[in-house]
Amino acid sequence: MKSKVLLIDTEAGNIPSVLRALSLHDCEVRISNSNNAFASADALVLPGVGAFPQFMKNLADFELTADLKNFVSSGGHLLGICVGMQAFSRGSEEFEFTNGLGVTSSIVSNLNSLGVKRARVPHVGWNLVHLSDGLHLTHPLKAIVNRHVYFMHSFAFPLTTVGSVGSTDYEIKFCSAIQIRNAIGVQFHPEKSHKVGFDFFAKWISHVK
Amino acid sequence: MKYCSKCVMPSSAAVDNGLLYSDVCNACLNSEKSKSVDWPSRRILLNDRINRIRSDKNYDVVIGVSGGKDSYFQTHFAINELNLKPLLVTYHGNNYLPEGQDNLERMRHIFDVDHIVFRPSERVLIKMNRIGFRLQGDMNWHAHCGIFTVPIQIAARFGISLILWGEHGFTDLSGMFSLEDFNEFTYRDRVENALRGYDWDSFTDNGLELLGREDLKEGLSEKDLKWGQYPSDLELRKSNTHGLYLGNYIPWSGNQNAELVKKLYGWREARDPFQRTYRKISNIDDMHENGIHDYLKFIKFGYGRATDHASKDIREGLLTREEGIEMVNLYDAVRPTKDLDRWLSYVNMTEHEFDAIADSFRSPKVWWKENGFWSKYCIDGIARRFERVAGK
Amino acid sequence: MSLKRIIPVLLIKDGNLVRSSDFSDHRFVGDPFKQCERFNSWQIDEITYLDIDRERKISDGFRTDKRARRIREIGDIQRFVSQICQVPLAWGGNLRTESDAGRAIEVFGADKVIFTSAVDSSPSAVSATAKRFGSQAICCGIDFRIIDGKPQVFVEAGRKLIRHSFEEWLTFCLELGAGEILLHAIDRDGKKCGYDIEVLQVATGLTKVPIVVLGGAGNPNHMVDAVKNGASGVAASNVWHFVDNFSEMIRENFVQSGIEIRQP
Numbered sequence: 336m337k338s339k340v341l342l343i344d345t346e347a348g349n350i351p352s353v354l355r356a357l358s359l360h361d362c363e364v365r366i367s368n369s370n371n372a373f374a375s376a377d378a379l380v381l382p383g384v385g386a387f388p389q390f391m392k393n394l395a396d397f398e399l400t401a402d403l404k405n406f407v408s409s410g411g412h413l414l415g416i417c418v419g420m421q422a423f424s425r426g427s428e429e430f431e432f433t434n435g436l437g438v439t440s441s442i443v444s445n446l447n448s449l450g451v452k453r454a455r456v457p458h459v460g461w462n463l464v465h466l467s468d469g470l471h472l473t474h475p476l477k478a479i480v481n482r483h484v485y486f487m488h489s490f491a492f493p494l495t496t497v498g499s500v501g502s503t504d505y506e507i508k509f510c511s512a513i514q515i516r517n518a519i520g521v522q523f524h525p526e527k528s529h530k531v532g533f534d535f536f537a538k539w540i541s542h543v544k
Numbered sequence: 145m146k147y148c149s150k151c152v153m154p155s156s157a158a159v160d161n162g163l164l165y166s167d168v169c170n171a172c173l174n175s176e177k178s179k180s181v182d183w184p185s186r187r188i189l190l191n192d193r194i195n196r197i198r199s200d201k202n203y204d205v206v207i208g209v210s211g212g213k214d215s216y217f218q219t220h221f222a223i224n225e226l227n228l229k230p231l232l233v234t235y236h237g238n239n240y241l242p243e244g245q246d247n248l249e250r251m252r253h254i255f256d257v258d259h260i261v262f263r264p265s266e267r268v269l270i271k272m273n274r275i276g277f278r279l280q281g282d283m284n285w286h287a288h289c290g291i292f293t294v295p296i297q298i299a300a301r302f303g304i305s306l307i308l309w310g311e312h313g314f315t316d317l318s319g320m321f322s323l324e325d326f327n328e329f330t331y332r333d334r335v336e337n338a339l340r341g342y343d344w345d346s347f348t349d350n351g352l353e354l355l356g357r358e359d360l361k362e363g364l365s366e367k368d369l370k371w372g373q374y375p376s377d378l379e380l381r382k383s384n385t386h387g388l389y390l391g392n393y394i395p396w397s398g399n400q401n402a403e404l405v406k407k408l409y410g411w412r413e414a415r416d417p418f419q420r421t422y423r424k425i426s427n428i429d430d431m432h433e434n435g436i437h438d439y440l441k442f443i444k445f446g447y448g449r450a451t452d453h454a455s456k457d458i459r460e461g462l463l464t465r466e467e468g469i470e471m472v473n474l475y476d477a478v479r480p481t482k483d484l485d486r487w488l489s490y491v492n493m494t495e496h497e498f499d500a501i502a503d504s505f506r507s508p509k510v511w512w513k514e515n516g517f518w519s520k521y522c523i524d525g526i527a528r529r530f531e532r533v534a535g536k
Numbered sequence: 018m019s020l021k022r023i024i025p026v027l028l029i030k031d032g033n034l035v036r037s038s039d040f041s042d043h044r045f046v047g048d049p050f051k052q053c054e055r056f057n058s059w060q061i062d063e064i065t066y067l068d069i070d071r072e073r074k075i076s077d078g079f080r081t082d083k084r085a086r087r088i089r090e091i092g093d094i095q096r097f098v099s100q101i102c103q104v105p106l107a108w109g110g111n112l113r114t115e116s117d118a119g120r121a122i123e124v125f126g127a128d129k130v131i132f133t134s135a136v137d138s139s140p141s142a143v144s145a146t147a148k149r150f151g152s153q154a155i156c157c158g159i160d161f162r163i164i165d166g167k168p169q170v171f172v173e174a175g176r177k178l179i180r181h182s183f184e185e186w187l188t189f190c191l192e193l194g195a196g197e198i199l200l201h202a203i204d205r206d207g208k209k210c211g212y213d214i215e216v217l218q219v220a221t222g223l224t225k226v227p228i229v230v231l232g233g234a235g236n237p238n239h240m241v242d243a244v245k246n247g248a249s250g251v252a253a254s255n256v257w258h259f260v261d262n263f264s265e266m267i268r269e270n271f272v273q274s275g276i277e278i279r280q281p
């Protein structure tokens with residue numbers, strides 16, 4: 336039985352690329368911005384690009400905020416990408432402080448505020464994610480061990496983030512992967528990370544099953 | 145339809161030649177620039193490059209040869225000017241004129257070289273002729289594929305780092321690259337331009353199905369077309385094979401090459417005149433190149449090889465533009481009946497079917513129907529009628 | 018640390034892929050898509066498409082004898098590219114409004130947009146796009162020529178001189194929200210003489226935002242040079258059409274020079 340994956344279209348996410356990446360796998364993909372579609376989905380994907388305040392506003396406008404929180408707290412499989420991962424936060428300092436979903440109590444800050452002084456910001460390019468100990472072999476992030484993935488961001492979770500399962504070096508270390516229950520958030524873009532990203536999605540989808 | 149103000153190339157040329165924005169085509173621009181190129185320093189560059197790949201134990205270079213004037217010249221140059229040991233490789237498309245076949249066979253004796261001649265099965269070739277014609281109006285597609293694949297396969301397999309080509313065809317005709325580019329052979333150029341976006345796997349039954357052309361299936365499979373499979377990037381990196389165009393390093397003239405190799409090696413031109421061009425030094429390795437293959441170019445784009453040859457000769461100062469126009473008027477529209485008869489019998493097709501299929505490839509940017517005839521604008525700006533529209 | 022990026026640039030004019038010199042000699046080399054597929058297979062870091070049309074004359078090279086996608090307008094190209102490109106993608110050229118940029122990102126899957134002339138003609142569009150999509154999605158292109166030994170900025174494909182200094186213009190781009198700067202040396206376009214290292218050094222001294230260089234790449238050593246002088250990414254448009262498997266040559270060169278580069 337194919338997993339049913341719901342791709343949430345917040346109108347602030349790179350839907351075409353994520354859709355293309357997911358369609359390469361053995362799953363049924365639907366796109367929606369209605370919380371009615373959550374119930375029939377085995378897993379949700381929340382991609383996000385752009386500014387955090389706009390993203391959270393769109394979530395609110397589509398009345399998805401509460402349902403996403405409930406989905407996560409009831410153990411639902413959610414994959415948040417980039418700003419979609421940042422949405423797990425208590426809030427972000429991008430522009431003015433804006434509340435996130437509060438899935439984790441940590442907040443998102445500018446890389447410069449996290450200590451980046453010499454390296455160039457935004458962080459754009461291919462980098463590594465170092466995983467925390469204790470992740471099971473079948474964990475989707477195991478697909479990207481020692482393999483570069485594509486980052487494109489100016490804001491990030493700090494290393495001490497509650498729920499962090501992976502970190503990345505960029506002059507300082509920041510949290511680049513987070514997991515709360517079955518909700519995984521990744522700062523990098525698996526849909527842009529070529530074979531590595533493909534393997535990550537493959538592992539995530541079988542993990543969902 | 146616009147024509148170059150210097151030569152006689154049209155804007156409808158098979159490959160974009162810049163006439164959309166300019167009155168002078170890119171090939172003529174290149175020809176002008178070539179007069180002030182520092183050829184001696186390019187020769188030094190070439191020598192440097194050659195010295196870096198020269199081998200102790202292996203062939204130094206692969207030369208894809210048809211037995212034509214350029215093949216002779218390239219082999220002569222590689223051996224006598226560059227001191228290389230070449231391996232000659234020929235894709236034999238089964239369409240040689242006797243004098244062309246003779247020129248080909250004499251090469252290994254004249255130059256004292258090893259020569260691999262690859263001849264695909266005739267039955268497979270006949271099928272490729274038919275599919276090529278029906279799919280893209282080019283029965284000679286197999287030859288473009290073979291010529292640009294087999295020498296490279298051999299280079300990869302023998303671990304030979306260099307392939308020496310003559311001139312880059314589309315640069316010579318349409319000025320695709322500038323003389324500053326020093327372009328080398330690339331897979332993309334081969335597929336997109338030489339092969340029109342198709343490859344060997346377009347001709348198998350599976351491939352034709354994927355293209356939505358089940359009607360063209362002839363029972364071919366991958367096993368029949370190994371000669372058309374370009375080596376992988378990995379293979380070519382292992383053998384570190386690069387294809388250089390001599391035309392980027394030395395001044396290139398087909399006419400001068402012909403004179404030289406006739407004199408030095410007794411190379412022979414075509415015995416009889418061609419129906420569609422005044423030149424007798426080109427394409428004796430494939431009778432259809434100047435014949436129906438070229439006639440199809442006229443049907444598609446409204447010009448033929450006489451235009452190509454005249455344009456090249458105008459650039460070399462051997463013809464005036466007026467003389468070039470005369471050649472175009474004399475030859476471009478000629479229906480090569482002899483050649484057509486040979487081909488129709490070779491592939492077992494009727495003339496009626498030939499005309500109907502050929503018509504399906506006429507470019508609407510060039511041709512229109514008028515009173516049951518195909519019409520187009522000619523180089524003097526006047527619209528004229530040509531063939532009758534093929535009946536259903 | 019993040020790796021340095023190798024970025025091919027595909028120039029699109031009249032619906033065709035072209036090679037360029039001096040910002041004026043543009044010649045057809047093929048169609049816009051096959052080369053993208055080659056880059057996918059080489060697992061290149063990023064791809065940039067630049068729409069350098071001035072007059073929107075689609076040459077409609079569509080032929081029944083060719084196997085090619087039918088292109089009637091630039092949107093067709095953007096759409097096909099979004100279907101085939103498997104690596105991070107940037108679109109630039111003829112982007113003047115926020116909605117041009119929005120379409121490139123949301124409809125055509127671009128991760129970044131490159132604003133060049135818009136910085137002059139419609140700077141508010143640049144800043145609005147930055148606010149909407151974030152600075153990491155905005156690259157500002159700075160085309161320049163060296164005049165009397167100093168870089169002078171031009172827009173409109175090198176036709177209009179900007180009467181501000183290079184430094185002022187760069188600062189202005191940053192103020193508008195640029196998350197990356199693409200330095201494009203007009204004089205070096207198609208020359209294979211190497212990148213303009215001096216101007217690169219001026220730029221890296223002025224900002225902490227990633228700087229990508231374009232114009233003059235002829236061999237991998239040029240790229241090594243640029244990286245060693247602070248470029249975050251090295252871009253090239255013509256050289257990919259001149260040598261096959263060029264990305265492997267670059268990678269080998271980088272490794273030999275001790276620069277870490279992403280291996281497929």
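For the protein sequence lines, the chains are V, H and R, in the order given.
Per the numbering used here, residue 336 is the first one in the first sequence, and the count goes up by one each step.
Per the numbering used here, residue 145 is the first one in the second sequence, and the count goes up by one each step.
Per the numbering used here, residue 18 is the first one in the third sequence, and the count goes up by one each step.
A virtual CB, placed ideally from N, CA and C, is assigned to each residue, including glycine.
In this text the structure is predicted, and so the values were computed from the model without any measurement.
Report the neighbours of residue i on chain R: residues whose CB is nearer than 9 angstroms to its CB, in chain order.
i, result
"PHE321 of chain H", "ARG36, ARG44, VAL46, HIS258, PHE259"
For residue i and residue j, I'd like the C-alpha separation in whole angstroms.
i, j, result
"ILE164 of chain R", "VAL219 of chain R", "16 angstroms"
"PRO351 of chain V", "VAL124 of chain R", "7 angstroms"
"SER318 of chain H", "VAL230 of chain R", "31 angstroms"
"ILE458 of chain H", "ARG465 of chain H", "6 angstroms"
"ARG357 of chain H", "ARG274 of chain H", "13 angstroms"
"ILE443 of chain H", "ILE425 of chain H", "24 angstroms"
Taking the alpha carbon of residue i as the point to measure from, which residue in the options has its own alpha carbon closest?
i, options, result
"ARG113 of chain R", "R:LYS129, R:SER138, R:ASP93", "R:SER138"
"SER38 of chain R", "H:GLU324, H:SER155, H:GLU531", "H:GLU324"
"LEU472 of chain V", "V:THR496, V:PHE523, V:LYS538", "V:LYS538"
"LEU200 of chain R", "R:PHE189, R:VAL170, R:LYS177, R:GLU192", "R:VAL170"
"LYS452 of chain V", "V:ALA356, V:TYR505, V:THR345, V:ARG355", "V:TYR505"
"ILE270 of chain H", "H:GLU531, H:GLY387, H:PHE347", "H:PHE347"
"TYR475 of chain H", "H:PRO417, H:VAL491, H:ASN427", "H:PRO417"
"GLY244 of chain H", "H:ASP430, H:SER305, H:VAL181, H:THR421", "H:ASP430"
"ALA127 of chain R", "R:GLU72, R:VAL98, R:GLY175, R:VAL143", "R:VAL98"
Spatial neighbours of residue i within its chain, please: C-beta separation below 6 angstroms, excluding the five flanking residues on both sides.
i, result
"VAL268 of chain H", "ASP368"
"ASP195 of chain R", "Contrary to the premise, residue 195 of chain R reads as Ala rather than Asp in this sequence. Excluding residues within five positions, the ones whose Cβ falls inside 6 angstroms are ILE155, CYS157."
"PRO154 of chain H", "MET145, TYR147, TYR447"
"LEU226 of chain H", "ILE194"
Since residue i meets chain R, which of its residues come closer than 8 angstroms, beta carbon to beta carbon?
i, result
"VAL335 of chain H", "LYS51"
For residue i, return the contacting residues in chain V, with the cut-off set at a CB-CB distance below 9 angstroms.
i, result
"LYS225 of chain R", "ASN447, VAL451, LYS452, ARG453, ALA454, ARG455, VAL456"
Which chain V residues sit within Cβ distance under 7 angstroms of residue i?
i, result
"VAL251 of chain R", "Within chain V, no residue comes near VAL251 of chain R; the closest Cβ sits about 12 angstroms away, beyond 7 angstroms."
"GLU265 of chain R", "Here the premise fails: no neighbours, minimum Cβ distance about 16 angstroms."
Starting from the beta carbon of residue i, find every residue of chain H whose beta carbon is closer than 7 angstroms, and list them in chain order.
i, result
"LEU81 of chain R", "Here the sequence assigns Thr to residue 81 of chain R, which means Leu is not the residue at that position. Within 7 angstroms Cβ-Cβ: SER504, PHE505."
Give the residues of chain H in contact with residue i, contact being defined as C-beta atoms less than 9 angstroms apart.
i, result
"GLY207 of chain R", "SER322, GLU324, ASP325"
Note down, in chain order, each residue of its chain lying with its Cβ closer than 7 angstroms to the Cβ of residue i, except the 5 sequence neighbours on either side.
i, result
"LEU191 of chain R", "THR224, VAL226"
How would you list, in chain order, the residues of chain H whose beta-carbon sits under 8 angstroms from the beta-carbon of residue i?
i, result
"ARG279 of chain R", "Correct list: empty, because the minimum Cβ distance to chain H is about 17 angstroms."
Q.
Whether or not the segment 453-461 of chain V and the segment 218-230 of chain R are in contact is what I'm after, with contact meaning three or more pairs of Cβ atoms, one per stretch, closer than 8 angstroms; do they touch?
A. yes
Q) Are the segment 60-74 of chain R and the segment 105-123 of chain R touching by the rule of at least three beta carbon pairs closer than 8 angstroms? A) yes
Q | At least three beta-carbon pairs within less than 8 angstroms, the segment 91-105 of chain R to the segment 53-63 of chain R | A | yes
Q | the segment 181-200 of chain H in contact with the segment 336-343 of chain H per 3-pair CB rule at 8 angstroms | A | no
Q: Evaluate contact between the segment 220-238 of chain H and the segment 289-306 of chain H, counting only Cβ atoms and requiring at least three cross-stretch pairs below 8 angstroms.
A: yes
Q. Should the segment 306-322 of chain H be regarded as contacting the segment 270-282 of chain H, the criterion being three or more beta carbon pairs within less than 8 angstroms?
A. no
(Q) Contact between the segment 208-219 of chain H and the segment 293-311 of chain H is defined here as three or more beta-carbon pairs at a separation below 8 angstroms; is this criterion met? (A) yes
Q | Inter-stretch contact at 8 angstroms, needing at least 3 Cβ pairs: the segment 436-450 of chain V / the segment 132-152 of chain R | A | no
**Q.** contact_flag[the segment 514-521 of chain V, the segment 409-428 of chain V] where n(CB pairs < 8 angstroms) is 3 or more
**A.** yes
Q) Is there contact between the segment 242-260 of chain H and the segment 394-414 of chain H, where contact requires at least three CB pairs shorter than 8 angstroms? A) yes
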